[in-house]
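Peer 1: Following the working numbering, the numbering of the sequence shown begins with 26 at its first residue and continues without gaps. All residues carry an ideal CB built from backbone N, CA and C; glycine is no exception.
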Amino acid sequence: MFETRSGLVRGRRRAEDGVFAVLGIPYAAPPFGEGRFAAPRPPDAWRRARDSDPFGPVAPQSAALPGMPAWEPGDEDVLSLNVWTGSGGGARPVFVWIHGGAYTFGSAAQPDFDGTALARAGLVVVTLNYRLGFEGFGHVPDSASGRAFPENRGLLDQIAALEWVRDNIAAFGGDPARVTVAGQSAGAASVACLTVMERARGLFHRAVVHSAVGPVYSPGLAADTTRLVAEAAGVPADAGGLLAASPYDLVRASDRVVARLRGNPAAGARRYDPVLYGPVADGDVLPADPLAVAAEGRAEVDLLVCHTTEEYWLVDAVGGCERLTTDAQLERFARDFGLPDTLVPAYRELMPGAPVRDVHLAIHGDMSFGEYSSRLAERHARAGHRTYLARFARRRADAGGVVRPWHSADVPFAFGTLDVPEAAFLIGGPPTAADHDLSRRMVRAWADFAATGYPGWRSLTADGAADTVRIWGEDAAGAADGAGTADGAEGADAHDAFRAAWRTADYARLHP
26 MFETRSGLVR
36 GRRRAEDGVF
46 AVLGIPYAAP
56 PFGEGRFAAP
66 RPPDAWRRAR
76 DSDPFGPVAP
86 QSAALPGMPA
96 WEPGDEDVLS
106 LNVWTGSGGG
116 ARPVFVWIHG
126 GAYTFGSAAQ
136 PDFDGTALAR
146 AGLVVVTLNY
156 RLGFEGFGHV
166 PDSASGRAFP
176 ENRGLLDQIA
186 ALEWVRDNIA
196 AFGGDPARVT
206 VAGQSAGAAS
216 VACLTVMERA
226 RGLFHRAVVH
236 SAVGPVYSPG
246 LAADTTRLVA
256 EAAGVPADAG
266 GLLAASPYDL
276 VRASDRVVAR
286 LRGNPAAGAR
296 RYDPVLYGPV
306 ADGDVLPADP
316 LAVAAEGRAE
326 VDLLVCHTTE
336 EYWLVDAVGG
346 CERLTTDAQL
356 ERFARDFGLP
366 DTLVPAYREL
376 MPGAPVRDVH
386 LAIHGDMSFG
396 EYSSRLAERH
406 ARAGHRTYLA
416 RFARRRADAG
426 GVVRPWHSAD
436 VPFAFGTLDV
446 PEAAFLIGGP
456 PTAADHDLSR
466 RMVRAWADFA
476 ATGYPGWRSL
486 TADGAADTVR
496 IWGEDAAGAA
506 DGAGTADGAE
516 GADAHDAFRA
526 AWRTADYARL
536 HP
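1) Use the C-beta contact count for arginine 252: other C-beta atoms within 10 angstroms, 16 or more gives buried, fewer gives exposed.
2) Are the CB atoms of glutamate 176 and valine 310 within a distance shorter than 9 Å?
3) Classify glutamine 354 as helix, strand or coil using the three-state DSSP reduction.
4) Determine contact between the region 410-418 and the region 324-344, defined as no fewer than three beta-carbon pairs at a distance below 8 Å.
5) Which residues mark the beginning and the end of the alpha helix (DSSP H) in which aspartate 182 is found?
6) On the DSSP bridge assignment, give the partners of phenylalanine 120 in chain order.
7) For alanine 186, which residues of its own chain have a beta-carbon under 6 Å away from its beta-carbon, when the five flanking residues on both sides are left out?
8) If you draw a straight line from the C-alpha of leucine 268 to the C-alpha of arginine 61, how long is it?
9) Output yes or no for whether 9 Å exceeds the beta carbon distance between alanine 213 and alanine 237.
10) Three-state secondary structure (DSSP) at glutamate 447?
11) Decide if threonine 367 is buried, meaning its Cβ has at least 16 other Cβ atoms within 10 Å, or exposed.
12) Could you pull the start and end residues of the beta strand (DSSP E) that arginine 231 belongs to?
13) Where aspartate 192 and leucine 228 are concerned, what is the direct C-alpha to C-alpha distance, given to the nearest angstrom?
14) Quick check on alanine 522: buried or exposed, where buried means 16 or more other Cβ atoms within 10 Å of its Cβ?
15) Unbroken alpha helix (DSSP H) runs of length 4 or more, entirely within the region 414-443: which are they?
16) For a quick check, are the C-beta atoms of proline 299 and valine 283 less than 9 Å apart?
17) Taking DSSP as the reference, what is the three-state secondary structure of glycine 503?
18) By how many angstroms is the C-alpha of alanine 232 removed from the C-alpha of glutamate 325?
19) Would you please state the rounded distance, in angstroms, between the beta carbons of phenylalanine 130 and alanine 264? I believe it to be under 8 Å.
20) Could you check where the beta strand (DSSP E) with aspartate 327 kicks off and where it finishes?
21) Using only CA atoms, which one of Thr350, Val340, Val221 and Gly266 lies nearest to aspartate 314?
22) Taking arginine 226 as the reference, give the member of Val428, Ile184 and Asp249 with the closest Cα.
23) Would you mind giving the Cβ-Cβ distance between aspartate 336 and glycine 395, rounded to the nearest angstrom? I have them listed as a contact below 8 Å.
24) Taking its Cβ as the centre, do 16 or more other Cβ atoms sit within 10 Å of serine 398, making it buried, or is it exposed?
25) Kindly list the residues whose CB is nearer than 6 Å to the CB of aspartate 76, restricted to its own chain and excluding five residues on each side of it in sequence; keep chain order.
26) Helix, strand or coil for aspartate 298, going by three-state DSSP, please let me know.
27) Excluding the five sequence neighbours on either side, which residues of its own chain have a C-beta within less than 8 Å of the C-beta of valine 216, listed in chain order?
28) Less than 8 Å between the CB atoms is what I'm expecting for glutamate 101 and proline 55, so what's the real figure, rounded?
29) Taking the beta carbon of threonine 29 as the centre, do at least 16 other beta carbons fall within 10 Å, making it buried, or is it exposed?
30) What is the rounded straight-line gap between the Cα of glycine 115 and the Cα of glycine 198?
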């Protein structure tokens, strides 16, 4: 039994490893009714001990992930979190995970986010749900009655969860003075935003960012998205019309807008991978894109950044982007994103003989994830904060072909969840002995970073020198720190050659 400020919760003990799992704990009130489109409010207290099993309901979304439930009307306690903790004594470091999913789908209930292995490694693990899609990130104009609706409600939910951790985690054996906030993809970009948000100051002390996607959206783009979604929902694009539409109405309307943007030449950059929602640089909740914030606006936290070396092949594999196969299509793609004229030729030179499709996926993955993540690490290091950079380069070749180090493949390795069935697609089948060995090293790196701020290799220098990048591979038992530190891969030089092609790219221009 564990005592929170809202009431007692009863966990579930895993007899084989001594880890307690306490699931579905409300950290904020249901964001519906009067709370819809509003900042999160404290949860109501409960009198009797709450059985915290199973997970809480997912936030409103389409059924986008295999095996994951869709939100249904009546599922109201969507702002919940989950805790895994061991039975050892002493206050332990806390690791708070924010899931990805294009700000549109996903939840903390995904099996590859199970915190058991990390809890065995000495951490108290917290995973959380937050508002997604229009509910969490859609722009809602102020109402005629004067009621204001904040931007970035999903980020405000994450802050409310971190406040819950500050106030309650000691009851679970966690140390509120040693909190690491971590995430992947949209979750990683959320973490990056939290590092430059005044409202998040002091709520965490270290940050882990895997495959951050950027840049964040402008207010103008957010307002245009609201216009499109309201039109698809058949309601006015004002507060009254949007409140009259149910969450499910806006989910379906958002899906219709995505379908219309795909392949529409007039949509420009949004046609290729039309993610409608994301953090908005409104100057209030979020001051600016994390890459644009000056040194004094950055949280004084240790930062660990990782990205995979072939990110976008996953998006292609699941049909999430337009498939480009001709030179004319690739040239149009470069123009639509405003890429420098030198970029496509540079990639062709680095990928001799590669088909157009592969060149496009390499550029799109680096543009969306790899380059943004690397620049985030360099910017944080230049601000004088301890920063570590890693790349995940593990490949697997078998009779079925090559499984690339694509987007999300690193997550089950770092969580120690390779054996869950849901991880098989990401890693290319059942894990090998080498996979398990790599996973143990990655779990240890996360745990050590959360505990001490040192994951096992040298930090970036103040000028962002990349000769201290850890390359996660699969063959070696680990290498000593050094230039292009390798862990079963060829070293950092291969990807650094692609990074050199981006030196003339202005990231402020790479988003509609």
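Peer 2: So, from the data block:
1) Taking the first residue of the sequence shown as 1, we reach residue 252 at position 227. The residue in question, arginine 252, is exposed, as its Cβ has fewer than 16 Cβ neighbours within 10 Å.
2) The sequence position of residue 310 within the sequence shown is 285, counting from 1. The sequence position of residue 176 within the sequence shown is 151, counting from 1. Against a cut-off of 9 Å, the Cβ pair of glutamate 176 and valine 310 comes out as a contact.
3) Within the sequence shown, numbered from 1, the residue matching residue 354 stands at position 329. It is helical.
4) The answer is yes - the region 324-344 touches the region 410-418, with three or more Cβ pairs under 8 Å.
5) For the purposes of this step, residue 182 is taken as the residue at position 157 of the sequence shown. Its alpha helix (DSSP H) spans residues 178-193.
6) As a working note, residue 120 is residue 95 in the sequence shown. Paired residue(s): Val150 and Thr205.
7) Position 161 of the sequence shown, counting from 1, holds the residue named residue 186. Taken in chain order, the residues that qualify are Tyr52, Leu106 and Leu153.
8) Locating residue 268 in the sequence shown gives position 243, counting from the first residue. Locating residue 61 in the sequence shown gives position 36, counting from the first residue. Roughly 8 Å between the two C-alpha positions.
9) As a first step, residue 213 must be located in the sequence shown, where it is residue number 188. As a first step, residue 237 must be located in the sequence shown, where it is residue number 212. Yes, the Cβ-Cβ distance between alanine 213 and alanine 237 is below 9 Å.
10) Residue 447 sits at position 422 when you count from the first residue of the sequence shown. Secondary structure at glutamate 447: helix, using DSSP grouped into helix, strand and coil.
11) Taking the sequence shown and counting its residues from 1, the one referred to as residue 367 is at position 342. The residue is exposed, with fewer than 16 neighbouring Cβ atoms inside 10 Å.
12) Counting from 1 along the sequence shown, the entry for residue 231 is found at position 206. Residues 231-235.
13) Taking the sequence shown and counting its residues from 1, one reaches residue 192 at position 167. Taking the sequence shown and counting its residues from 1, one reaches residue 228 at position 203. If you take the alpha carbons of aspartate 192 and leucine 228, they lie about 10 Å apart.
14) As a first step, residue 522 must be located in the sequence shown, where it is residue number 497. Alanine 522 is exposed by the Cβ-count criterion.
15) If we require 4 residues or more, the alpha helix (DSSP H) runs fully inside the region 414-443 come out as 436-440.
16) Position 274 of the sequence shown, counted from the start, is the residue given in the question as residue 299. Position 258 of the sequence shown, counted from the start, is the residue given in the question as residue 283. Their beta carbons are under 9 Å apart, which means proline 299 touches valine 283 by this criterion.
17) As a position in the sequence shown, residue 503 is number 478, starting the count at 1. Caution applies to glycine 503, whose pLDDT of 39 falls short of 50 and renders its modelled position unreliable; the value that the coordinates give is listed next. Three-state result, glycine 503: coil.
18) By 1-based counting over the sequence shown, the position of residue 325 is 300. By 1-based counting over the sequence shown, the position of residue 232 is 207. Near 10 Å, if we compare the C-alpha coordinates of alanine 232 and glutamate 325.
19) Reading the sequence shown from its first residue, position 105 is the one you call residue 130. Reading the sequence shown from its first residue, position 239 is the one you call residue 264. About 25 Å separates the beta carbons of phenylalanine 130 and alanine 264, which is beyond the 8 Å limit, so they are not a contact pair.
20) By 1-based counting over the sequence shown, the position of residue 327 is 302. For aspartate 327, the uninterrupted beta strand (DSSP E) run begins and ends at 327-333, by DSSP.
21) As a working mapping, residue 314 is identified with position 289 in the sequence shown. Taking only the C-alpha atoms, the option nearest aspartate 314 is Val221.
22) For the purposes of this step, residue 226 is taken as residue 201 along the sequence shown, with counting starting at 1. Checked all of Val428, Ile184 and Asp249; the closest Cα to arginine 226 is Ile184.
23) Residue mapping note: residue 336 aligns to position 311 of the sequence shown, counting from 1. Residue mapping note: residue 395 aligns to position 370 of the sequence shown, counting from 1. Checking the sequence, you will find glutamate at residue 336 rather than aspartate. Going by Cβ atoms, the distance from glutamate 336 to glycine 395 rounds to 6 Å, so yes, they are a contact pair.
24) Translated into the one-based positions of the sequence shown, residue 398 becomes position 373. So serine 398 ends up on the buried side.
25) Within the sequence shown, residue 76 is the residue found at index 51, counting from 1. Around aspartate 76: Arg35.
26) Numbered from its first residue, the sequence shown carries residue 298 at position 273. Coil, per DSSP.
27) For the purposes of this step, residue 216 is identified with residue 191 of the sequence shown, where counting begins at 1. Closer than 8 Å at the Cβ level, and outside the excluded window around valine 216, lie Ile123, Val206, Ala207, Gly208, Ala232, Val233, Val234 and Ala237.
28) Your numbering for residue 101 matches position 76 in the sequence shown. Your numbering for residue 55 matches position 30 in the sequence shown. Yes, glutamate 101 and proline 55 are in contact; Cβ-Cβ is about 4 Å, under 8 Å.
29) In the sequence shown, residue 29 corresponds to position 4, counting from 1. Flag for threonine 29 reads buried.
30) In the sequence shown, residue 115 corresponds to position 90, counting from 1. In the sequence shown, residue 198 corresponds to position 173, counting from 1. Glycine 115 and glycine 198 have their C-alpha atoms spaced approximately 7 Å apart.
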